[in-house]
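>
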Amino acid sequence: MLKITNLKKTFNAGTINEKTALEGLNLHLKDGDFVTVIGGNGAGKSTLQNAIAGVWKPDCGTIEIDGVDVTNMPEHKRAQFLGRVFQDPMKGTAPDMEIAENLAIAARRGTKRKLIWGVRKAEREEYKKLLATLDLGLEDRLSTKVGLLSGGQRQAVTLLMATLRRPKLLMLDEHTAALDPKTAAKVLELTDRIVTENKLTTLMITHNMNDAIAHGNRLIMMYDGHVVVDVEGEEKKKLTVQDLLNMFAQASGKEFANDRAMLS
Amino acid sequence: MAFLYALPGAIAEGLIWGLMAIGVYISYKILDIADLTVDGSICTGACVCAVLLGLGVPAWLSLIIAFAAGALTGIVTGLLHTALGIPSILAGILTQLMLYSINLAILGGKALVAIDSRSLELLVNMSDRTRSIISAGMIVAGTIVVLWLFFYTEVGLTLKSTGDNPDMSRAQGVNVNFNKVLGLAIANGIVALAGALLAQYKGSANINDGKGAIVIGLAAIFIGLSVSLKIKPNFVVSLIGVVCGGIVYYIVYNFVILLGMKTDYLKMLSAIIVALFLAIPYLKEQYFTKPKDLRPSAVSSNHNTGGDANA
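Heads up: the protein sequence lines correspond to chains U and E, in order. Everything in the first sequence is counted per this note's numbering, starting at 67 for the first residue and increasing by one. Everything in the second sequence is counted per this note's numbering, starting at 16 for the first residue and increasing by one.
1) Buried or exposed: which applies to glutamine 316 of chain U, given that a residue is buried once 16 or more other Cβ atoms fall within 10 Å of its Cβ?
2) Let me know if arginine 175 of chain U comes out buried or exposed under the rule of 16 or more other beta-carbons within 10 Å of its beta-carbon.
3) Name the chain E residues whose beta carbon is nearer than 9 Å to that of histidine 142 of chain U?
4) Which stretch, first to last residue, makes up the alpha helix (DSSP H) that contains arginine 144 of chain E?
5) Tell me whether arginine 284 of chain U sits in a helix, a strand or coil according to DSSP, three-state version.
6) Do you know whose CA, among E:Asn194, E:Leu119, E:Ile246, E:Met16, lies nearest alanine 220 of chain E's CA?
7) Can a CB atom of chain E be found closer than 8 Å to the CB of alanine 145 of chain U?
8) Whose Cβ in chain E lies nearer than 9 Å to the Cβ of arginine 175 of chain U?
9) In chain order, which continuous runs of the alpha helix (DSSP H) of length 4 or greater are located wholly inside the segment 55 to 126 of chain E?
10) Can you give the beta carbon distance from aspartate 99 of chain U to threonine 262 of chain U, rounded, assuming they're within the 8 Å contact cut?
11) With a threshold of 7 Å on Cβ separation, who are the neighbours of lysine 110 of chain E within its own chain once the five nearest residues in sequence on each side are excluded?
12) Buried or exposed for serine 145 of chain E, going by 16 or more other Cβ atoms inside 10 Å?
13) Can you list, in chain order, the residues of its chain with a C-beta nearer than 6 Å to that of asparagine 83 of chain U? Leave out the 5 residues immediately preceding and following it.
14) Can you name the residues of chain U whose CB is closer than 7 Å to the CB of tyrosine 167 of chain E?
15) Give me the subset of the segment 147 to 180 of chain E whose CB atoms are less than 7 Å from a CB atom of chain U, sorted by chain position.
16) Using 10 angstroms around the beta-carbon of alanine 71 of chain E, count the other beta-carbons present and answer buried if the total reaches 16, otherwise exposed.
17) Please list the terminal residues of the continuous beta strand (DSSP E) segment that includes histidine 94 of chain U.
18) Between which two residues does the beta strand (DSSP E) containing alanine 220 of chain E stretch?
19) May I have the straight-line CA-CA distance separating threonine 210 of chain U from isoleucine 165 of chain U, to the nearest angstrom?
20) How about threonine 262 of chain U: is its C-beta nearer than 8 Å to some C-beta of chain E?
21) From U:Gly291, U:Met313, U:Asp290, U:Tyr289, pick the residue whose C-alpha is nearest to that of valine 297 of chain U; which is it?
22) On the DSSP bridge list, what partners appear for cysteine 259 of chain E?
23) Just to confirm the assignment, what range does the alpha helix (DSSP H) spanning asparagine 264 of chain U have?
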């Protein structure tokens, strides 16, 4: 489904702030893989997702989604393959527009937009049913401006938007990190349900090692711009946080240095 | 008495400036771009219209061509910004400067081209204020209806989201750059249309027309939205509010002239009005907001209001 070959990216090359974010990264996701991604600060987790999304062009390497080489495709064209949820709950929705309008824009991702009515009546009914499944009381608030919702509600709506049109790859970038623990658990549970129901290929970055172990069928750990640990199936199910810390120490020769990850 | 006599003229001219303010609303409020092309494109509209009328083109057709010319100026600014990566405010300034030369060229090198309002069939003119108000009012109403329909189409919705959240728009497959160019084209097309009406109304196009138009447009927007957002915060009410803002601005303008203020100082007045409106939210936040009293005794009265934020 996703095939990344020898991907490299250096920011601010040739200056004092030079930072190599991706160092010849290789990654191959099978159809239906639910991969959790962990790693210390600056390991390249978000850089990897931004590279796949096409926020900027990589220095070298190729990215293929479902057999299509998207390496040189602009961000808005690639969007047809991708569903994205960001860490910042403000980033995934248009605050000054209604919930229904946000969903309608997402429902047309990858299609040619025309001069026809932007939110049809039948759609509203469909959105109502979908919002009801979130169990956040949003089903009767289709006309509410998204900016009036809480962070958790906005993340849930963003998740719905990302999956409304089945994406080839769902990318979640620490999408529960900015939420309180209770809301985070709820959004994560929702994520699991949507991914399982639709059998979505998913790449989920998380700073929480327990979440990384509990969710998905495969886990990768990144360090210094490449993948240092890659476990799946039965082997992944048996992992403990201590195992992960040991693996990290072995791969990097250092203690795991992400305060947030240590605490969780 | 003199004021009442000036009122119809103020309303007619206010309607035209209100139409221009709708254009500014699209770039400033919807696309979130402070587009300085406006000062040039309004003059382009006036010049194109005056010259075409002189060539015997019917008034309505000259308005349509003026709109197209304005849209072209918006496309130039949009491309400078998106294709060449120039910050939007600078792109607008650059186009505005280019337009000074282009407008002069349109006027055939003259600083002023008069429109023969006696022999030509015009849609608006100072000499017939009632007719001017009706014609201008119909054009404004038509523009609002078309924009209202447009901004609820699939394309229109993505234009809104482009200004509201470009990150979200790109993630949902919206071509943000194309939308910015499209939005600026529509905005400046409307501004040029207003410029063309203004030339007809005044009976001439002057190379210095439109200096400070962006400021007048912003003033109309702030005046209008300060009322209309309280009534109902939706798109059509906002547009109507913006037009009313333009009318109020021109009534105040005429009133101030009647009070004996020299017209030389009026641009200063416009700038101060806009500066005040821009500053008020900031000043409120900085100096007049007190932290809420959150002691248990004080909280009981308002602890139910934040339900949404904690959901």
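Each residue gets a CB set at the ideal place from its N, CA and C atoms; glycine is no exception. As the structure is a prediction and not an experimental result, all values here were calculated from the model.
A quick look at the data gives this:
1) exposed
2) buried
3) Ser184, Arg185, Ala186, Gln187, Gly188, Val189, Asn190, Val191, Asn192, Phe193
4) 144 to 165
5) strand
6) E:Leu119
7) yes
8) Ala186, Gln187, Gly188, Val189
9) 74 to 97, 103 to 121
10) Between threonine 262 of chain U and aspartate 99 of chain U the Cβ distance is about 13 Å, and since that is not below 8 Å, they are no contact.
11) A small correction: the amino acid at residue 110 of chain E is threonine; lysine does not occupy that position in the sequence shown. Around threonine 110 of chain E: Thr52, Gly55, Thr88, Val91, Thr92, Leu95.
12) Note that residue 145 of chain E corresponds to threonine in the displayed sequence, not to serine. Exposed: under 16 other Cβ atoms inside 10 Å.
13) none
14) Trp183, Gly184
15) Tyr167, Thr168, Glu169, Val170, Gly171, Leu172, Thr173, Lys175, Ser176, Asp179, Asn180
16) Reading the sequence as shown, one finds glycine at residue 71 of chain E and not alanine. Per the 10 Å Cβ criterion, exposed.
17) 85 to 95
18) 219 to 221
19) 6 Å
20) no
21) U:Met313
22) DSSP, once it has assigned bridges, lists no residue as partnering cysteine 259 of chain E.
23) 247 to 264
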